[in-house]
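S.K.: In UniProt numbering, the protein residues as written are 1 to 137. The C-beta atom is built at its ideal place from N, Cα and C for all residues, glycine as well. These numbers were taken from a predicted model, which means no experiment stands behind them.
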Amino acid sequence: MSDFAKLLEQMVEQSHKMARAFNPALESFQVHGFDKLMPTMPRDFMDMMWGNTFNPEGLDAKTRLLVVIGGLTVLGAQADAQFKITVRHALEAGATQKEIAEVIYQMAMLGGIPAMSRALELAQTVFDERSKEEEGA
């Protein structure tokens, strides 16, 4: 085992010990569905937080969130909860499903087809959930 692998193993074990110390239930915590626990911020709040306050001429929240979706896609869309939360926020900030899909498709050139496919699956999950919510409202 390399020195780096040993160090990584020690870091992982240390994080497990910390989780057990904070709350023994965290050791078996499952991330599935975690994205539903995070509320979606209103569009005005996102614009205030991500742009308009510190850089009035900068990117709006919608554009910033589309950029984040692109970045998460290139990384392989591995963080399901974060990806879904970002898609929900992008929709709230005014992005369309088509715009989100276009950004994801564009990232196939940089992150590959598997990354694009995974990102599209996650985005479709959010689109379907949102559709059901709108039907129930």
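Find out if the Cβ-Cβ distance for the pair LEU91, VAL126 is shorter than 9 Å.
M.R.: Taking the first residue of the sequence shown as position 1, residue 91 is located at position 91. Taking the first residue of the sequence shown as position 1, residue 126 is located at position 126. The answer is yes: Cβ separation under 9 Å.
S.K.: Assuming MET116 contacts ILE104 (C-beta within less than 8 Å), just tell me the rounded distance between them.
M.R.: For this step, residue 116 is matched to residue 116 along the sequence shown. For this step, residue 104 is matched to residue 104 along the sequence shown. Contact flag correct, Cβ pair sits at about 6 Å.
S.K.: Provide the residue span of the alpha helix (DSSP H) that contains ALA115, from first to last.
M.R.: Taking the sequence shown and counting its residues from 1, the one referred to as residue 115 is at position 115. 113 to 136 is the extent of the alpha helix (DSSP H) around ALA115.
S.K.: Could you give the C-beta distance for LEU72 and ALA79, rounded to a whole number, given that I count them as a contact under 8 Å?
M.R.: Within the sequence shown, residue 72 is the residue found at index 72, counting from 1. Within the sequence shown, residue 79 is the residue found at index 79, counting from 1. Going by Cβ atoms, the distance from LEU72 to ALA79 rounds to 7 Å, so yes, they are a contact pair.
S.K.: Decide if GLY58 is buried, meaning its Cβ has at least 16 other Cβ atoms within 10 Å, or exposed.
M.R.: For the purposes of this step, residue 58 is taken as the residue at position 58 of the sequence shown. Result: exposed.
S.K.: Can you list, in chain order, the residues of its chain whose CB lies under 7 Å from that of ARG130, leaving out five sequence neighbours each side?
M.R.: Counting from one through the sequence shown, the residue named residue 130 turns up at place 130. Excluding residues within five positions, the ones whose Cβ falls inside 7 Å are LEU91.
S.K.: Whose C-beta lies closer than 7 Å to the C-beta of ALA65 among residues of the same chain, with five residues either side of it excluded?
M.R.: Stepping through the sequence shown from its first residue, residue 65 is reached at position 65. Sequence inspection shows Leu at residue 65; the Ala mentioned does not correspond to that position. Cβ neighbours of LEU65 beyond the five flanking positions: THR86, HIS89, ALA90, ALA93, ALA95.
S.K.: Return helix, strand or coil for GLU99, following the three-state DSSP convention.
M.R.: Translated into the one-based positions of the sequence shown, residue 99 becomes position 99. Reduced to three states, the DSSP call for GLU99 is helix.
S.K.: On the CB-based measure, 16 or more other CB atoms within 10 Å of its CB, does LEU110 come out buried or exposed?
M.R.: The count along the sequence shown starts at 1 and reaches residue 110 at position 110. Its Cβ having fewer than 16 others within 10 Å, LEU110 is exposed.
S.K.: Can you name the start and end residues of the alpha helix (DSSP H) that LEU72 belongs to?
M.R.: As a position in the sequence shown, residue 72 is number 72, starting the count at 1. Start and end: 61 to 74.
S.K.: Kindly indicate which three-state DSSP category GLY79 falls into: helix, strand or coil?
M.R.: Locating residue 79 in the sequence shown gives position 79, where the first residue counts as 1. The amino acid at residue 79 is misidentified as Gly; the sequence shows Ala. Here ALA79 sits in coil by DSSP.
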